[in-house]
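**Student:**
Protein chains: 2
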Amino acid sequence: MNPLKNDRFLRALLKEPVDLTPVWMMRQAGRYLPEYRATRARAGSFMELCRSPELACEVTLQPLERFPLDAAILFSDILTVPDAMGLGLYFAQGEGPRFERPVQSEADIDRLPIPDPESELGYVMDAVRLIRRELQGRVPLIGFSGSPWTLATYMVEGGSSKEYARVKGMLYDRPDLMHRLLDKTAQAVTAYLNAQIAAGAQAVQIFDTWGGILTPRDYREFSLRYMARIIEGLTREAEGRRVPVILFTKGGGAWLEDMAETGADALGLDWTIDIGEARRRVGDKVALQGNMDPCVLYASPERIQREVADILAAYGRGSGHVFNLGHGIHPGVDPEHAAAFIDAVHQLSRPYHRD
Amino acid sequence: MNPLKNDRFLRALLKEPVDLTPVWMMRQAGRYLPEYRATRARAGSFMELCRSPELACEVTLQPLERFPLDAAILFSDILTVPDAMGLGLYFAQGEGPRFERPVQSEADIDRLPIPDPESELGYVMDAVRLIRRELQGRVPLIGFSGSPWTLATYMVEGGSSKEYARVKGMLYDRPDLMHRLLDKTAQAVTAYLNAQIAAGAQAVQIFDTWGGILTPRDYREFSLRYMARIIEGLTREAEGRRVPVILFTKGGGAWLEDMAETGADALGLDWTIDIGEARRRVGDKVALQGNMDPCVLYASPERIQREVADILAAYGRGSGHVFNLGHGIHPGVDPEHAAAFIDAVHQLSRPYHRD
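Protein sequence lines, in the order shown, are assigned to chains A and B.
Under the numbering used here, the first residue of the first sequence is numbered 1, with each subsequent residue one higher.
Under the numbering used here, the first residue of the second sequence is numbered 1001, with each subsequent residue one higher.
1) Could you compute how far the alpha carbon of A:E35 sits from the alpha carbon of A:W210?
2) Note down the Cα distance separating A:I329 from A:R31, rounded to an integer number of angstroms.
3) Mind checking the segment 1129-1156 of chain B against chain A and listing, in chain order, the residues whose C-beta falls within less than 9 Å of any C-beta there?
4) According to DSSP, is B:A1287 helix, strand or coil?
5) In the DSSP assignment, the beta strand (DSSP E) including A:R77 goes from what residue to what residue?
6) Once you ignore the five residues that flank A:A92 on each side, which residues in its own chain have a CB closer than 7 Å to its CB?
7) Just confirm the distance between the C-beta atoms of B:D1274 and B:I1246, as a whole number of angstroms; I'd bet it's less than 8 Å.
8) Counting only Cβ-Cβ distances shorter than 7 Å, please list the residues of the segment 1168-1199 of chain B near chain A, keeping chain order.
9) Can you tell me where the alpha helix (DSSP H) holding A:D126 begins and where it ends?
10) Mind checking if A:H337 is an interface residue toward chain B, Cβ cutoff 7 Å exclusive?
11) Buried or exposed for B:N1002, going by 16 or more other Cβ atoms inside 10 Å?
12) Going by the DSSP bridge assignment, what does B:L1208 pair with across the sheet?
13) For the segment 1141-1213 of chain B, which segments carrying the alpha helix (DSSP H) assignment without a break, of at least 4 residues, lie completely within its bounds, in sequence order?
14) Let's test the definition: count the other Cβ atoms within 10 Å of the Cβ of B:D1218 and tell me whether it reaches 16, buried, or not, exposed.
15) Could you tell me whether the Cβ of B:A1314 comes closer than 7 Å to any Cβ of chain A?
16) Am I right that A:L13 and A:A287 are in contact with their C-beta atoms under 8 Å? What's the rounded C-beta distance?
17) Which residues share a DSSP beta bridge with A:G268?
18) Taking Cβ-Cβ distances below 7 Å as the criterion, which residues of the segment 280-302 of chain A are in contact with chain B?
19) If we count the other Cβ atoms within 10 Å of its Cβ and call it buried at 16 or more, is A:K162 buried or exposed?
20) Taking only beta-carbon positions, decide if B:A1309 is within less than 7 Å of chain A.
21) So which residues of chain B does A:I273 contact, with C-beta pairs closer than 8 Å?
22) Distance, Cα to Cα, A:Q205 vs B:P1148?
23) Exposed or buried, B:D1270, counting other C-beta atoms within 10 Å across all chains shown (16 or more means buried)?
24) Between A:G233 and B:I1213, what straight-line distance do the alpha-carbon atoms span, to the nearest angstrom?
25) Mapping the DSSP letters down to three states, classify A:G86 as helix, strand or coil.
26) Rank B:G1137, B:E1048, B:M1085 by C-alpha distance to the C-alpha of B:L1064 and give the top, closest one.
27) Would you verify that the beta carbon of A:E16 is, or is not, closer than 7 Å to some beta carbon of chain B?
28) If you run the structure through DSSP and keep just helix, strand and coil, what is A:L297?
29) Name the DSSP beta bridge partners of A:G44, please?
30) Where DSSP assigns a beta bridge to B:G1096, which residues make up the other side?
31) Can you pull the chain A neighbours of B:E1106, defined as C-beta to C-beta under 8 Å?
32) Using only alpha-carbon positions, find the residue among B:L1312, B:Y1164, B:A1188 that is nearest to A:Y298.
33) Please state whether DSSP places A:L234 in a helix, a strand or coil.
34) Please tell me whether B:M1170 and B:V1189 are closer than 7 Å, where the distance is taken between their beta carbons.
Have a look at this one:
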C-alpha cells in the first residue's frame, strides 16, 4: 500500500496535531456533480452503479478531482446489508429504496442469514480495494454502514417511511422480536465493516440516520446499544494505524455523552447543536465531525465563508475537529459553492492550529 | 357564556392544583375517526371543511363525544393566515398544501397585507363562536396558529418541503428580507390569535413545527424571537380568566430554557426528550405539555398504559403537566387505542395529585 500523503483526517479524529482542519462532505460523490450524473446514466440504474466496483470507484474519486478534500468515502448504499440478508433491494422510479421481502414476522427474522461479506457483498469489498489502489495514498478512505436501528426501519417498513408505524409497532409491542432483529443486523454490520477494514477502509462511519426518532430511553436500548456492540467487535488497527470509528446519529445532540461512552473515536453532529457546546460536553473524550447546515451551500460564497468562520470559532483552538456538513449535500447545490466551502475550511482554520 | 364544568386543562397550564392530569391530543379531530372521514367526505374538500363554521364545529366536537378529553381544539388549518394574506391556498390530490402565489421576491413581501381577522378570516372566528356555544362549558376551547417561521417555510417554498432550499436560501442570503416577512407574519398571527381569543378561545397554542430544522442561533433569531413578540402582543385575560399560551417547537428539546423566557405559560414537548429532565430544566417557570410518541398508539392497550405510567412517573408529583402526544395522532390509529390512552392518563395520574 502507498503511504498516506495527507493524513489530516485520521489525525484529527484521534485529536493529534494538524496544520489545518480537515474537511469532507457526506454524499460528496453524488447528484450535485454533473460527472456523477453522467456515470449514473451510463450505469443504467442506481443499483448497477453500486454493484459495479469500477463505477463505484469512479464516482468515489470524482469529488477528489474537483476539490482538495481530506478524505474519500466509499460510494455505496446503506441498504446493501439487508439486501445481502435476502430482502431484495430495488429502487422504484422516484420512490426511493424498497424491499421485495420486508421483515414482517418472527419467522422472517429467524430466517435472516448473516451474510458473509467477502462472498455475498464481494462487490463492495472489490470497490474498496480498487478505490484504495486508485487513491494511491492521496487521502484516507472511509468505509461505512447504516446502524442496526436505521437498517431495521427500512427492513420492517419495506422502504422509506414517514410515520414508522410498523417498526415502532414492533418496538413497542414486541421488543423481544425487535431485539432479535437488531442483534442479527448488528452481527451482519460488524462483519461487513470488518471486511471493509480488511479490504482497505482506513476509518469507518456508522450512519444512524433514524436514531433521532426514538425516545431517549429507546434510543439507548434499541439504537445506541447495538452501535456500541458493533464498535466493540471492530478491528481497530490496520496497516499499523488505528482505524477510527465515527458515530453519527442525526438529531442525537441531546445524547452526546451517551454516544461518547461507546468507544467511538468521533461523533458526527448535525447542525441543530452548537459545536462549541458539544465540545464542552464531550470534547475530552472524542473528536467531533460537522456541522454546517447543508442548506448554507445554497447561499452565496461570502455567506458560506462566514458560516465556516463561525463554526471554526465555536469549536475553537486545537485538533479534534473534522469539518463536514450536518447531513448529506443536497442534489441542487452548485459545485462552485462546495468548492468555496472546502477552501474556506482550509484557509480559515490555519490560525486555530498554530502554537 | 356557560361557566366551565371542567377546567383542569386551564388549571394545569397555570400550575394550579388539579384532581388528575388533564389530557388532549394534537389532531384529535382527524382522519383516525370514521365520523371525521364521513364529515370530510360530505364537505367535498379539506378547504370546504375548514371554511364551513358548521362543519368545523362538528369535527371539533366529534372526539369529545367519544372520549373524556379535557380540552377541545379548534379544527382549522395552520395555513389560513397566509391564505388570507393572498397566497391562494389549495390542496392538490395526495400532495399536501400548496400556494398558488408563493413569496419569491422583495416585492412579494412588500405587497403582503396584514389581514383583518374578523373580515378576512371570519369563517374561523365564526367557528370559534359556534364551538363555544355548542361546548356549553364542558371543556375549554384551544385556539391556535402556526409560528411565523413555520408559516414562512410554506409561504416561500409554496408548500411542504424536504430540503427547505428556498426558505433557507433566503434566510442565509437575505436575512433582511426574511425578517421583513417574519415581522409581517408575526403581526398577522398576533391579530389572528387575539381575534380567536375575542371570539372565545380560552387558551392558544403556537405550533412551531419547523423551528427544529434551524441551527440554535437561527432558531433564536428567526423563530423564537417572533413567537416572543406574538406572546407580548396577546390578550392574556378574557372572561375574567387568564388565557394561557402554549409554545410547541417540534425538535426544540435543546432550547427549552430559551423558550421559557418568552412569557409562554407552557411548553409543548415532542417525545425525544424525557419530561422529567425537561421539568428539572424549566419546570418552575412554565407548565409542560406532552409527550408520548404518537406511534405508541399502534401498540396494545397494555403497552399504551405502561408508557403513560412511565411518563407520569417521569414528570412526578404535582400540577403543571398537560398530557398529550408529542405530535399529532396518526391517521392509522385505532380509536379504541386512543380511548385506552386517555383513560390511562386519568386513572393512573390520580396518585400524583393527592396531598
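By construction, the Cβ of each residue, glycine as well, lies at the ideal position given by its N, Cα and C atoms.
**Tutor:** The answer reads as follows:
1) Translated into positions along the first sequence, residue 35 of chain A becomes position 35. Translated into positions along the first sequence, residue 210 of chain A becomes position 210. Their backbone Cα atoms lie some 30 Å apart in a straight line.
2) The residue labelled residue 329 of chain A in the question sits at position 329 within the first sequence. The residue labelled residue 31 of chain A in the question sits at position 31 within the first sequence. Going from the Cα of A:I329 to the Cα of A:R31 covers about 9 Å.
3) none
4) On the second sequence, residue 1287 of chain B is found 287 positions in, with the first residue counted as 1. In this structure, B:A1287 counts as strand in the three-state DSSP scheme.
5) Walking along the first sequence from the start, residue 77 of chain A turns up at place 77. Strictly speaking, residue 77 of chain A in this sequence is Asp, with Arg absent from that position. Element bounds for A:D77: n/a, residue is neither H nor E.
6) In the first sequence, counting from the first residue as 1, residue 92 of chain A sits at position 92. If we look at A:A92 and ignore the five residues flanking it on each side, its Cβ neighbours are R98.
7) Reading the second sequence from its first residue, position 274 is the one you call residue 1274 of chain B. Reading the second sequence from its first residue, position 246 is the one you call residue 1246 of chain B. Contact doesn't hold; Cβ gap of about 19 Å is too wide.
8) K1168, G1169, Y1172, D1173
9) Locating residue 126 of chain A in the first sequence gives position 126, where the first residue counts as 1. Segment 122-135, the alpha helix (DSSP H) holding A:D126.
10) To locate residue 337 of chain A, count along the first sequence from 1; it is residue 337. Taking Cβ atoms only, chain B never reaches closer than 7 Å to A:H337, which makes this a no.
11) Taking the first residue of the second sequence as 1, we reach residue 1002 of chain B at position 2. By the neighbour-count rule (16 or more Cβ atoms within 10 Å), B:N1002 is not buried but exposed.
12) One-based indexing of the second sequence puts residue 1208 of chain B at position 208. Just to set this straight, residue 1208 of chain B is Asp in the shown sequence, not Leu. Its beta-bridge partners are B:T1249.
13) 1148-1157, 1165-1173, 1175-1199
14) If you number the second sequence from 1, residue 1218 of chain B lands on position 218. Result: buried.
15) Here residue 1314 of chain B refers to the residue found at position 314 of the second sequence. False, the Cβ-Cβ gap to chain A never drops below 7 Å.
16) Residue numbering aside, residue 13 of chain A sits at position 13 when the first sequence is read from its first letter. Residue numbering aside, residue 287 of chain A sits at position 287 when the first sequence is read from its first letter. Rounded, the Cβ-Cβ distance is 5 Å, consistent with contact.
17) Within the first sequence, the letter at position 268 stands for residue 268 of chain A. A:G268 is bridged to A:F248, A:Q289.
18) D293, C295, V296, Y298, A299, S300
19) Along the first sequence, read from residue 1 onward, the residue named residue 162 of chain A stands at position 162. Exposed, because fewer than 16 other Cβ atoms sit within 10 Å of the Cβ of A:K162.
20) Taking the first residue of the second sequence as position 1, residue 1309 of chain B is located at position 309. Chain A, which has no Cβ nearer than 7 Å to the Cβ of B:A1309, makes this no.
21) On the first sequence, residue 273 of chain A is found 273 positions in, with the first residue counted as 1. Here the neighbours are P1216, A1254.
22) For this step, residue 205 of chain A is matched to residue 205 along the first sequence. For this step, residue 1148 of chain B is matched to residue 148 along the second sequence. About 37 Å.
23) Along the second sequence, read from residue 1 onward, the residue named residue 1270 of chain B stands at position 270. The residue in question, B:D1270, is buried, as its Cβ has 16 or more Cβ neighbours within 10 Å.
24) As a first step, residue 233 of chain A is located in the first sequence; it is residue number 233 there, counting from the start. As a first step, residue 1213 of chain B is located in the second sequence; it is residue number 213 there, counting from the start. Using only the alpha carbons, I get a separation of about 34 Å.
25) On the first sequence, residue 86 of chain A is found 86 positions in, with the first residue counted as 1. Residue state, collapsed to three classes: helix.
26) The count along the second sequence starts at 1 and reaches residue 1064 of chain B at position 64. Checked all of B:G1137, B:E1048, B:M1085; the closest Cα to B:L1064 is B:G1137.
27) Taking the first residue of the first sequence as 1, we reach residue 16 of chain A at position 16. Output row for A:E16: interface = no.
28) For the purposes of this step, residue 297 of chain A is identified with residue 297 of the first sequence, where counting begins at 1. A:L297: helix per DSSP, three-state reduction.
29) Locating residue 44 of chain A in the first sequence gives position 44, counting from the first residue. Answer is none; A:G44 lacks a bridge partner.
30) Walking along the second sequence from the start, residue 1096 of chain B turns up at place 96. In the DSSP output, where bridge partners are listed per residue, B:G1096 has B:A1092.
31) Against the second sequence, residue 1106 of chain B aligns to sequence position 106. In chain order: nothing, as chain A lies at least about 16 Å away.
32) Taking the first sequence and counting its residues from 1, the one referred to as residue 298 of chain A is at position 298. Of B:L1312, B:Y1164, B:A1188, the residue nearest in Cα terms is B:Y1164.
33) Here residue 234 of chain A corresponds to residue number 234 of the first sequence, with the count starting at 1. Reduced to three states, the DSSP call for A:L234 is coil.
34) Here the question's residue 1170 of chain B lines up with position 170 in the second sequence. Here the question's residue 1189 of chain B lines up with position 189 in the second sequence. No, these two residues do not count as a Cβ contact at 7 Å.
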